[in-house]
Each structure stands twice: as structure tokens, then as C-alpha cells.
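Going by UniProt numbering, the first residue of the sequence shown is number 1, and it counts up by one from there. All C-beta atoms, glycine included, are put in the ideal place defined by N, C-alpha and C. Notes for the one structure printed next.
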Amino acid sequence: MSVQVNVKRPNANFPPSVWGDQFFKYDEREDQSGLEKVVEDLKDKLRQEILGKLNVPNQHTNLLRLIDSIQRLGIAYHFEEEVDRTLHHFYDAYGDNWTGGATSVWFRVMRQRSFFVSSDVFKSYKDKNGAFMENLENDIAGLLELYEATYLRVPGEVILDDALAFTKARLDEISNDPLWTNSMVSTQIIEALKQPMHKRLPRLEALRYIAFYQQQDSCNESLLKLAKMGFNLLQSLHKKELSHVYKWWKSFDVPANLPYARNGMVECYFWSLGVFFEPKYSHSRMFLAKVLSMATILDDTYDAYGTYEELEIFTAAIHRWSVTCLDALPEKYKLVYRMLLSLYEDMEKILAKMGKAHHLNYVREAMMEYIGCYLKEAKWANEEYIPTLEEHKEVTTVSSGYKFTLIASFAGMGDGITDETFKWALTMPPLAKACCVLCRVMDDIVTHKEEQERKHVASGIQCYMKEFDVVEQDVYNVFNTKVKDAWVEMNEESLKCKDVKMPVIMRVINLARVMDVLYKNKDHFTHVGPELINHINSLVVDPIKA
1 MSVQVNVKRP NANFPPSVWG DQFFKYDERE DQSGLEKVVE DLKDKLRQEI LGKLNVPNQH
61 TNLLRLIDSI QRLGIAYHFE EEVDRTLHHF YDAYGDNWTG GATSVWFRVM RQRSFFVSSD
121 VFKSYKDKNG AFMENLENDI AGLLELYEAT YLRVPGEVIL DDALAFTKAR LDEISNDPLW
181 TNSMVSTQII EALKQPMHKR LPRLEALRYI AFYQQQDSCN ESLLKLAKMG FNLLQSLHKK
241 ELSHVYKWWK SFDVPANLPY ARNGMVECYF WSLGVFFEPK YSHSRMFLAK VLSMATILDD
301 TYDAYGTYEE LEIFTAAIHR WSVTCLDALP EKYKLVYRML LSLYEDMEKI LAKMGKAHHL
361 NYVREAMMEY IGCYLKEAKW ANEEYIPTLE EHKEVTTVSS GYKFTLIASF AGMGDGITDE
421 TFKWALTMPP LAKACCVLCR VMDDIVTHKE EQERKHVASG IQCYMKEFDV VEQDVYNVFN
481 TKVKDAWVEM NEESLKCKDV KMPVIMRVIN LARVMDVLYK NKDHFTHVGP ELINHINSLV
541 VDPIKA
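Written as C-alpha cells, this is what we have:
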């Protein structure tokens, strides 16, 4: 296959990387392993504190708040057994009838861990006329706690729909009250209204909450110390991983050899870090970062470089999956093909040591499905065909790159991931489907205008405009509602998936959370600005000061 000459190719003109080669080298002097002994001692002390309160009912509210702080500070992975034991104890002891304080916190914490406690507990928040109690209007802490709890609602929970509308309106009033201007309270409210806790990436929430928690009178010094040390210790590992994947990326010199493609390895690692940050998922995290970088290159190859004829041959070569196919491909396609083979070969060695090399077959199956959809989109773009909404949905949601990403994230996660996990995900169960709909719709909202400036398949927004004969803004309104509904559906499905383990559910939830950072209001992934630069620096460059 030779490159077609005199071909008018789409020109995306993606911006260059803002990072240079700063992540190429990991400075071993930054290794924080010397903190490990101190961290272990602090963990032991806090374990004793948790277990000491467990069988003392009048300490259960304090224990609930301790568990909540442990989770928000990003160190719950140190206490998985203790947290699980505590919440099971609460559920067995109280069921839906929590008798302690901080009811909204109890409801949120329990639902976050898939305990389907009833929202009827909030009926006491209303008076006989159905209005929320007056004493709640000026209880700022209570308003914030109720507001955060509403984001764990499921379809049909009218009382929580009402509570969200009530708390949102009242908190907005308070944040604009001159009495609270520039106060910590105002900042806390503005941050919550911008992004509720349930949609925050755990690692970013840990940073934000550490700064807030250390100013509280109720601050547990041992917990704070563990949070700071634990953050820096884990950051050291993340720096090392980023250096590893960046060297892999750099070895192919993508900017020089594939100038049409985005040079986004750092952003892909951030994305992967959002899906899972815990140390035990190191291999999975690096694999997913590479998968995301390859998905980006494939996206750009199919959307912003290849002709339909070239892509047909390239797709066939990927389906044959053999190094012998290289000779038939031109240089740019050869490099992409070599990168794909390298990615899978590296992960196969790691999975073989775990006795799980065959799990890559499921990841490849999802990738083949995804590549086939890319080719179909390329055909539509070539023919300038605007698909029906159903056709578009089948290609961009049911068999999307987000489905591929989700399935790839399970590879190497450990013994909890079985063949059944992959088979479950490949069928696109409601939980995964809701997540993929959210991802696709958020992506469409912020990218479709730029994509239509070049020869590109019609976006979901264009398909909707054509099918229902409506204007663009109407579609934005519909799509934003789809995103809200998808979150509520994911809440319900995560509570109903009793046979699906919590680590698997959290991969789905965290993928949606990444989207809320990278694709909210603009395409931060492609057009990296101050907000994302700050996020990345805070997670993999700047340690927390003790």
C-alpha cells in the first residue's frame, strides 16, 4: 500500500504539547520511601481508633465523620477492611433508620459504598406543607451536606430532586451575600456548586479537602499527617509511572513522525490516574495511559489524516493482528501499527506473570469493535452522509472508544477481575452504557463545532438537529439533560449490581468523573489551559508541604 498523493486531507491543527520533555526523567532523589515507616505507624494508630469506636453506639456519629474524612482525604485504600466492616456494622445495626447525627453524611457515605439506604430519612426535613424546614435555611453546613447527598439519588426520588433544587438555590443566595464575601464558607459553597463531591476526582478532592480539613477545629492531627505524607508517597510512584510511559511514547517520536496527531501522553496519564490512583493498580494505570494515547492517535488517524481507502486497508491489517502486515503499510501507518503491537506485547508479559494473559483477548475484542466503528464513521464522512440518531448511537456509544477504555482499565487489576468481569462489560450492561452515553454526549457538546470545520463525520448534535428539525441550542439543552440523567442512572445501577465488585463499579464512576474534568464546558484534553495544567502539576509535580 502506497500513500495516496495529491490527496486533500483533513487538517486538525492540534496545538503542541505544553509540557516539553519535563517528565522524561524521574529523579530518584524524589523517592519518598523513607516515609513508609511513619505512614505505617499512623495507619496502625487510626485502625485502633476506628475499631475502638465501632461497638460504642454513642461514638457512631464521630466514627461516621472519621470514615468520611478518610475517604475525602484520599487514604481510604489504606483502610479498606476497616471501612467495609464499619459500614456493614452500621447497615446491620440501623438499616434505613440511622439514629445518629449527620444524616446527610450517613446517606451519602452509605450509598457511595453501594448500600441502598432509603431516602425516606429526609421526610423529616420537610414541614406539614411539604416545604423544607425554616431552620435549615441558615444552617450552612447542613445545607452543604444535604446538597452533596442529593447527588447520590436514583430515578424517582422526588424528595431528593426537591432537596437539590432547594439547597442549590439557597447556597447560591448565601454565596452572593456580602456578609460571606471572600470567606472560607463562600469558597466552599462556590466549589460545591461548580462541582459536587460525587463528580470530583478522588485525588483532586484529596488535595482540596486537605487544605480545608487542616483549618477545622475538629481536625484529627494523625489523620492529617497521614493524608499529607500518604499523598507525597503516592505522588512519588505516580511520577515514576509517568516517566515510564513518557519514555515509551518518546521512543516513537510521535510529534515528528505523526505530526497530524495530538501529542498528549501527559494528559492521557492524568486521565488514567483519574480512573485509578491506588498503588496496587500501577500496572493497570500505565497500560491504560498507553491505551488512551493510542486511542487518541487512532482517533486522529481516522478523523484527521487517513483517506477512506487507506483506512480500509489499515483496518484490515489491525484485524489480522500480525507483524507480517507491516510491509503492506506506508510509514505513518506502520508506526501506529508498531505502537499497537508494542503496547499489547508489554502488557501481555505482565499479565502472563499473573496467569491472566488471556484477558488481553477481551481488550483486543473491544478494540476491534471500536476500530470497525471508526471505519464506518470514515465512510460516512467520505460520503458526507448524516446518519440517523440510532445509527450514530450504535457506533459512538454501544461500540465506542469509551467502552474500549473501560474494558482496558480492568486489565491487570488483580484477582478480583475475572473472565466474567470482561464478559459483563462487553455486553454493555446499563451501568457501563450510562457511563458511555455520558462520555459521548459530553465529548460531542464541546468538540463538535471544531470537528465540523474539517471533513468529519456528523456529530450527535448534527444528527439530532436533522432528525428533529431543531436549532443547536435546543440540542445542547437535551444533551445536558442526558448527562444529568446518566449520573442518576449510574447511581441506581451501581446499587443494583450486587454481583459486580466495588473496584469494577468505581472504574465506571471514575471514568465519568474524568469526563467532568476534561470535557466540561470545553475540550480541556485537546486545548490544555491553566486549569488542567494546575491539576497535573498538583498531582505529579508539586508535593504537599507538611
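Here DSSP, grouped into helix, strand and coil, assigns residue 520 to coil. Under the Cβ criterion (8 Å, minimum of three pairs), the segment 301-321 does not count as touching the segment 271-283. By the CB criterion at 8 Å, residue 69 and residue 96 fall outside the cutoff. Shown here for residue 270: same chain residues with a beta carbon closer than 6 Å to its own, the five before and five after excluded, namely 536 in chain order.
A Cβ-Cβ contact shorter than 8 Å links residue 300 with residue 261.
Cβ contact annotation for residue 522 (same chain, cutoff 6 Å, sequence separation greater than five): 446, in chain order.
With the rule of 3 Cβ pairs closer than 8 Å, the segment 348-359 does not count as touching the segment 428-441. Distance between residue 487 and residue 395, taken at the CA atoms: about 21 Å. Sixteen is the threshold: since fewer than 16 other Cβ atoms of the shown chains lie within 10 Å of the Cβ of residue 498, the residue is exposed. Sequence-distant partners of residue 170 (beyond 5 residues in either direction) whose C-beta falls short of 7 Å from its own C-beta, in its chain, are 137, 143. Residue 35 has its alpha-carbon roughly 18 Å from the corresponding atom of residue 76.
Counting only the Cα atoms, residue 466 lies some 11 Å from residue 475.
Separation of the CB atoms of residue 50 and residue 42 is rounded to 13 Å, and the pair is thereby denied contact status at 8 Å.
Non-local C-beta neighbours of residue 174 in its own chain, meaning closer than 7 Å and more than five positions away in sequence, comprise 140, 180, 189, ordered along the chain. Only residues of its own chain outside the window of five on either side were considered, and among them 196, 198 have a CB closer than 6 Å to the CB of residue 151, listed in chain order. In the pairwise beta carbon analysis, the segment 375-383 is classified as not touching the segment 235-251: fewer than three pairs are separated by under 8 Å. Note that the segment 525-544 touches the segment 226-239; at least 3 beta-carbon pairs, one per stretch, sit closer than 8 Å. Using a C-beta cut-off of 8 Å, the segment 411-422 makes no contact with the segment 488-497, since fewer than three inter-stretch Cβ pairs fall below that distance. Looking only at 278, 509, 217, the smallest Cα-Cα distance to residue 206 is reached by 278. For the set 45, 82, 20, the Cα lying nearest the Cα of residue 54 is the one of 82.
Nearest in C-alpha terms to residue 57, of all of 79, 387, 90, 115, is 90. Per the DSSP secondary-structure output, residue 37 pairs with nothing in a beta bridge. Between residue 408 and residue 517, the C-beta gap is not smaller than 8 Å, which leaves the two residues out of contact. Comparing C-alpha distances from residue 163 to each of 109, 146, 154 shows the shortest one belongs to 146. For residue 356, the three-state secondary structure derived from DSSP is coil. Of the candidates 224, 220, 148, 148 places its Cα closest to the Cα of residue 194. Annotated three-state conformation of residue 422 is helix, per DSSP. Taking 8 Å as the cut-off, the Cβ atoms of residue 489 and residue 430 count as close. Beta bridge pairing from DSSP links residue 132 with 126. At the C-beta level, residue 425 and residue 363 stay beyond 8 Å of one another.
Approximately 6 Å separates the beta-carbon atoms of residue 525 and residue 267; this is inside 8 Å, confirming the contact.
In the structure shown, residue 42 adopts helical secondary structure according to DSSP, grouped into three states. Runs of alpha helix (DSSP H) with 4 or more residues, each lying fully within the segment 57-119, are found at 60-72, 80-94, 103-112, listed in chain order.
For residue 458, no alpha helix (DSSP H) segment is defined, and its DSSP state is neither H nor E.
As summarised for the segment 198-249, the continuous alpha helix (DSSP H) elements at least 4 residues long and confined to that stretch are 202-213, given in chain order. Every alpha helix (DSSP H) stretch that sits fully inside the segment 288-332 and reaches 4 residues is listed by chain position as 308-320.
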